[in-house]
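Heads up: the sequence lines are chains A and B, in that order. Here my numbering is used: the first residue of the first sequence is 1, the next is one more, and so on. Here my numbering is used: the first residue of the second sequence is 680, the next is one more, and so on. A virtual CB, placed ideally from N, CA and C, is assigned to each residue, including glycine.
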Amino acid sequence: MAVVKMQKIGICGKKEYRQEMLLTLQDLAVMEMNFRDIDDIDDPYLKKTDTKNASLKYDKRAESFDRVLALLAEYAPEKKAGLSFFADKKTVTREDMDRAAEERHKYNKYAEKILDAEKAINDSKGIIQKLNNQKAALGPWESLDVPMDLKGTKKVKLLLGTFPRTISHDEVYALAAKDMPEPAAVDVNVISVSGGQTNVSVMCLRQERSLVEDNLRAGGFARVSSPVAGIPSEVILSIDRDILSEEEKIEEKKKEIGAFADQRDDFRLMSDYYRDRAERYRVLGEIPQSGNAFFLEGWVPYDKAEPLKRLLTERFGAYVEMEETKDTDDEPTILKNNAFSESVEGVLESYGLPKHKKADPTFIMSIFYVIFFGMMFSDAGYGILMFLLSFIVLKKKKSLNEGTKKMFKLFMWCGISTAFWGFMYGGFFGDAIDVVAKTFFGYTGETPILKPLWFEPLKNPMRLLVWCMLFGLIHLFFGLGIKGYEYLKEKDIKGFICDILSWYMFITGLVLMLLPSDLFSSIAGASFDFSGLKAIHTPALIITLAGLLIILFMQERGAKNWVLRVLLGAYDIYGVTGWLSDVLSYSRLLALGLATGVIANVINMMASMMGNSVPGIIIFILVFVLGHTLNFGINALGAYVHTNRLQFVEFFGKFYEGGGRPFKAFKTKHKYIEIKEEM
Amino acid sequence: MSLGMVLALVGAVAATALAGIGSAWGVGLAGQAAAGVVSEDPEQFAKVLILQLLPGTQGIYGLLVTFITLSQIGILGGETITDTHTGLMYLLGCLPIALVGLASAYHQGRTSVASIGIVAKKPDQFGKAMLFPAMVETYAILALLVSILVITNIR
């Protein structure tokens, strides 16, 4: 349980090695780079190189390989088996990576080809879209048997056009032949009626053309604005041929892309290769360089500093300097804990990491976290299920990222604790054992068959409530204790006595006085007998008063004015109500524990309603599986949220500040692969 | 059926009905916000789903109290109520989770909406965002506790 000690180091290296050295540092991932503004360095020989373009270029390359992979996934899907919920990264060796990097130009060509093919596909899709539009526009004219751009013959004029309404042949004729002697030399053909529009062809003599056209226009007629060349039905046929050929082109290009499916793994490598390279160039752009040398500055875990120094000196002839840490330095935080406790580091991180010189509460937190989670979830069946699920995920998915792995480890421990509390309370999928025995095996003996190791919460909730509060008090005392530890570490004995010990005395005394009182025994019922504690009533009173007086006079040591000091002290004593509400808050351990058990019982009862018959058994299995899945989900969520809350609000409220900055190493940020380092 | 029995049933039904209304309301509010976030950033799905579900617990607490009551008043077990007084006591015992469940689930839903906003802007602050709705739930838990204590101690 500790915050790892950090060492600030400065590196001066020869410029010719800068690429190799950055590559090494990136692979080791032990150093956080500390960049300074070039103006702050104030040295005429040092300059920063602009590498934005290079890093941007490589980012683009990485993205183009990502795109290539997405295309491959679309046109030549990979066969996947089993758990694909968490993306697994492929493990490769450094040699694989180097070999692929050697041939990067080849892969870049491939990528270009694939992306060109994609462009061609998109172009073809665009053309098809356009052709379809043309086809749709021609549709209404399909039965016209002359070319649409036909102007007419020597004597006769052909007018093609549309009325924006439904109109019959005779109406059109009447419209066209207006003011003309009967029988007018007008021939009308209604080609089609669709979507509230009427498409017509009208033939008339050339000399009467303007009259007819004016007549028609008055009736809402509009000529076809851009007639196609040729007979519509033939044009449509040729459009269909074009569409078919474009579709063939698309299929061809898809096959072309699909042919690269075997190179998928190499493309993954290349994507990550360029991602690393872009990252290196980003760093390169931030470091000050002179004509022959470059300078790096940053944080390294203390125990890694010496080996790193040796490595850089030997391999690259660099000069490495260990620098003193100043108080103003913004030191990054890494936590180091045992295999069990590190599983809650993620939870701590989501609240905020501890600052340097502050205590790391992970160890104590991890113990209470697992216990409290178990008490709230509290079902042996659910616990075993949770343990198995987490265990399988951890076994199957080797290359989960660090944070996810820790989370599953935490769930695994919480599963064990849940199973433990389940047996303590006598819950295994609620009362499933009893229900099954009674419904399907005609069991009539005494229940429950699975006896609780401790007691059944629903039978005596008051008793469990008192226990929950006791656990809470212990939890809070540990929190206060960590603050006391920080005081002692800084050799602030006075502070320890006034701020920590005083509260221990005050609260412990109060509890000891309260326990044997009539008030308490009437609350707790007959399950507790603390009357023996009556004997120590006087010492308890003395402890309480002593604690009270220390708080009253000493807690606000900073205040010079004694009147003010005592008044503020009195206000601090009012803080005991905070303790009361904090302790009461642990009643959620009981409430959520009951919720899991009772809802599970309800599900079992509903499942067994159809009795012992074939449909009964089918219904039982269905309701049982569905119901318990639901209950598992909602109560696991509840337990998780409220365990976090007990840690963050009640426990951390007593001592913890957070505000530490997480250590961000300069490292590879791989999306697809993981490099196995060979030492 | 005695008046007492009716009163007890009214209480039992109210516990699930009112707390359930609150939860449906709260989860609904939070769900709209969550869907909005996912439409912009699908990766936040798991986080906003957890936040959406937080106001759902009150309905479960209501169901819990209903079940305990039913198993004591002769519907799913226990003895039938014959006098009005006992029935009234059950009704009163159900009230805390019914009323507090309704109000707290609604307000927890609104707090969840705000917390989903945090996740949308700063996904790494999920731990803190989760805490705000959990604070509201405290009162539903206290009400649940009182309801359980009353009902299990009436007879």
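Practice task
Could you tell me if B:Ile729 is buried or exposed, where buried requires 16 or more neighbouring beta carbons within 10 angstroms of its beta carbon?
Solution key: Here residue 729 of chain B is taken as the residue at index 50 of the second sequence, counted from 1. Answer is buried; the Cβ neighbour count reaches 16.
Exercise for the section: Please report how far the alpha carbon of A:Leu138 lies from the alpha carbon of A:Leu158, in whole angstroms. Expected result: Translated into the one-based positions of the first sequence, residue 138 of chain A becomes position 138. Translated into the one-based positions of the first sequence, residue 158 of chain A becomes position 158. If you take the alpha carbons of A:Leu138 and A:Leu158, they lie about 18 Å apart.
Practice task
Using alpha carbons as the reference points, say which of A:Phe632, A:Phe651, A:Val614 and A:Gln7 lies closest to A:Leu308.
Solution key: The residue you call residue 308 of chain A lines up with position 308 of the first sequence. For the options A:Phe632, A:Phe651, A:Val614 and A:Gln7, the alpha carbon positioned closest to that of A:Leu308 is the one of A:Gln7.
Exercise for the section: Examine the ligand NAD and report whether any of its heavy atoms sits within less than 7 Å of the Cβ of B:Lys800. Expected result: In the structure on display, the ligand NAD does not appear, and there are no ligands present to speak of.
Problem - Close beta carbons around B:Gly756, own chain, < 7 Å, minus the five adjacent residues each side - result: The residue given as residue 756 of chain B occupies position 77 in the second sequence. Ser750.
Practice task
Would you list, in chain order, the members of the region 26-39 of chain A that have their beta-carbon closer than 9 Å to a beta-carbon of chain B?
Solution key: Those residues of the region 26-39 of chain A that come within reach of chain B (Cβ to Cβ, closer than 9 Å) do not exist; the list is empty.
Problem - Proximal residues of chain B, C-beta to C-beta of A:Ala591 below 7 Å - result: What you label residue 591 of chain A is simply residue 591 of the first sequence in a count that begins at 1. Neighbours of A:Ala591 on chain B, chain order: Ile820, Leu823 and Leu824.
Problem - Span of the alpha helix (DSSP H), counted from its first residue to its last, around A:Gly220 - result: For this step, residue 220 of chain A is matched to residue 220 along the first sequence. No alpha helix (DSSP H) holds A:Gly220; DSSP gives it neither H nor E.
Exercise for the section: Determine, using beta carbons only, whether A:Glu171 and A:Ile236 come nearer to each other than 8 Å. Expected result: If you number the first sequence from 1, residue 171 of chain A lands on position 171. If you number the first sequence from 1, residue 236 of chain A lands on position 236. Contact: no.
Problem - Span separating the alpha-carbon of A:Met606 from that of A:Phe423 - result: By 1-based counting over the first sequence, the position of residue 606 of chain A is 606. By 1-based counting over the first sequence, the position of residue 423 of chain A is 423. Cα atoms of A:Met606 and A:Phe423: separation of roughly 23 Å, rounded to the nearest angstrom.
Exercise for the section: Specify the secondary structure class of A:Glu324 as computed by DSSP and reduced to three states. Expected result: Position 324 of the first sequence holds residue 324 of chain A. The answer is coil: DSSP assigns A:Glu324 none of H, G, I, E or B.
Exercise for the section: Closer than 9 Å, Cβ to Cβ, to anything on chain B: give me those residues from the region 627-652 of chain A, in chain order. Expected result: Residues of the region 627-652 of chain A whose Cβ lies closer than 9 Å to any Cβ of chain B, in chain order: Asn631, Gly633, Ile634, Asn635, Leu637, Gly638, Tyr640, Val641, His642, Asn644, Arg645, Phe648 and Val649.
Problem - Distance between beta carbons of B:Val815 and B:Thr790, contact taken as under 8 Å - result: In the second sequence, residue 790 of chain B corresponds to position 111, counting from 1. In the second sequence, residue 815 of chain B corresponds to position 136, counting from 1. About 5 Å; that satisfies the 8 Å criterion.
Practice task
Tell whether a beta-carbon distance below 8 Å holds between A:Val370 and A:Ser417.
Solution key: Position 370 of the first sequence holds residue 370 of chain A. Position 417 of the first sequence holds residue 417 of chain A. Their beta carbons are under 8 Å apart, which means A:Val370 touches A:Ser417 by this criterion.
Exercise for the section: Report the residues of the region 461-484 of chain A with a CB closer than 9 Å to any CB of chain B, ordered along the chain. Expected result: Per Cβ criterion, the list reads Pro461, Met462 and Leu465.
Exercise for the section: Name, please, each residue of chain C whose Cβ falls closer than 9 Å to the Cβ of A:Ile599. Expected result: Although the question refers to chain C, the structure presented lacks it and instead comprises the protein chains A and B.
Exercise for the section: Output the distance between the C-alpha atoms of B:Ile820 and A:Tyr58, rounded to the nearest integer angstrom. Expected result: As a working note, residue 820 of chain B is residue 141 in the second sequence. As a working note, residue 58 of chain A is residue 58 in the first sequence. Distance between the alpha carbons of B:Ile820 and A:Tyr58 is about 54 Å.
Practice task
Would you please verify whether the beta carbon of B:Lys807 is less than 8 Å from any beta carbon of chain A?
Solution key: The count along the second sequence starts at 1 and reaches residue 807 of chain B at position 128. Cβ-Cβ to chain A under 8 Å: yes for B:Lys807.
Handout entry: CB contact below 8 Å: B:Ala709 versus chain A
Key = Taking the second sequence and counting its residues from 1, one reaches residue 709 of chain B at position 30. Contacts with chain A at 8 Å (Cβ-Cβ) do not include B:Ala709.
Problem - Closest residue to A:Ala570 among A:Leu552, A:Ser587 and A:Thr577 (Cα-Cα distance) - result: Locating residue 570 of chain A in the first sequence gives position 570, counting from the first residue. Closest by alpha carbon: A:Leu552.
Handout entry: alpha helix (DSSP H) runs wholly inside the region 182-224 of chain A, at least 4 long, in chain order
Key = List check, alpha helix (DSSP H) in window: 209-218.
Problem - Status (buried if at least 16 other CB within 10 Å, exposed otherwise) for B:Leu682 - result: On the second sequence, position 3 is the one that residue 682 of chain B refers to. Around the beta-carbon of B:Leu682, fewer than 16 other beta-carbon atoms lie within 10 Å, marking it exposed.
Practice task
Please decide whether A:Ala595 counts as near chain B, where near means a Cβ-Cβ distance under 8 Å.
Solution key: Your numbering for residue 595 of chain A matches position 595 in the first sequence. A:Ala595 counts as touching chain B.
Handout entry: Cα-Cα separation, A:Ala665 to A:Val300
Key = Mapped onto the first sequence, residue 665 of chain A falls at position 665. Mapped onto the first sequence, residue 300 of chain A falls at position 300. Annotation: A:Ala665 to A:Val300 spans about 9 Å, alpha carbon to alpha carbon.
Exercise for the section: Return no unless some Cβ of chain B is closer than 8 Å to the Cβ of A:Val602. Expected result: What you label residue 602 of chain A is simply residue 602 of the first sequence in a count that begins at 1. Interface residue (Cβ-Cβ distance to chain B less than 8 Å): A:Val602 is classified as such.
Exercise for the section: Taking C-beta pairs closer than 7 Å, name the residues in chain B that A:Ser350 reaches, listed in chain order. Expected result: Position 350 of the first sequence, counted from the first residue, corresponds to residue 350 of chain A. Using a Cβ-Cβ cut-off of 7 Å, A:Ser350 is close to Phe805 and Gly806 of chain B, given in chain order.
Exercise for the section: Give, in chain order, every unbroken run of the alpha helix (DSSP H) that is at least 4 residues long and sits entirely within the region 132-189 of chain A. Expected result: You should have 169-176.
Practice task
Assign B:Met768 to buried or exposed, taking buried as 16 or more other Cβ atoms, counted over all protein chains shown, within 10 Å of its Cβ.
Solution key: As a position in the second sequence, residue 768 of chain B is number 89, starting the count at 1. B:Met768 sits buried, since 16 or more C-beta atoms from the chains shown fall within 10 Å of its C-beta.
Handout entry: Delimiting residues of the alpha helix (DSSP H) encompassing A:Ala318
Key = Sequence index remark: in the first sequence, residue 318 of chain A carries index 318 (1-based). Careful: A:Ala318 lies outside any alpha helix (DSSP H) and carries neither H nor E.
Exercise for the section: Please go through the same chain and pick out, in chain order, the residues whose beta-carbon is closer than 6 Å to the beta-carbon of A:Gly152, but skip the five residues on each side of it. Expected result: Here the question's residue 152 of chain A lines up with position 152 in the first sequence. Non-local beta-carbon contacts of A:Gly152 in its own chain, meaning distances under 6 Å to residues more than five positions away in sequence, involve Leu158 in chain order.
Exercise for the section: Answer yes or no: does any C-beta atom of chain B fall closer than 8 Å to that of A:Ser343? Expected result: As a first step, residue 343 of chain A is located in the first sequence; it is residue number 343 there, counting from the start. The beta carbon of A:Ser343 does not come within 8 Å of any beta carbon belonging to chain B, so the residue lies off that interface.
Handout entry: Beta-bridge pairing of A:Phe294 - partner residues as DSSP gives them
Key = The count along the first sequence starts at 1 and reaches residue 294 of chain A at position 294. DSSP lists A:Gly13 and A:Gln289 as partners of A:Phe294.
Problem - Proximal residues to A:Lys534 (C-beta, below 6 Å), its chain only, five neighbours per side dropped - result: Counted from its first residue, the first sequence places residue 534 of chain A at position 534. Around A:Lys534: Pro516.
Exercise for the section: Quick one: give me the first and last residue of the beta strand (DSSP E) that A:Lys90 is part of. Expected result: Your numbering for residue 90 of chain A matches position 90 in the first sequence. First-last of the beta strand (DSSP E) with A:Lys90: Lys90 to Thr93.
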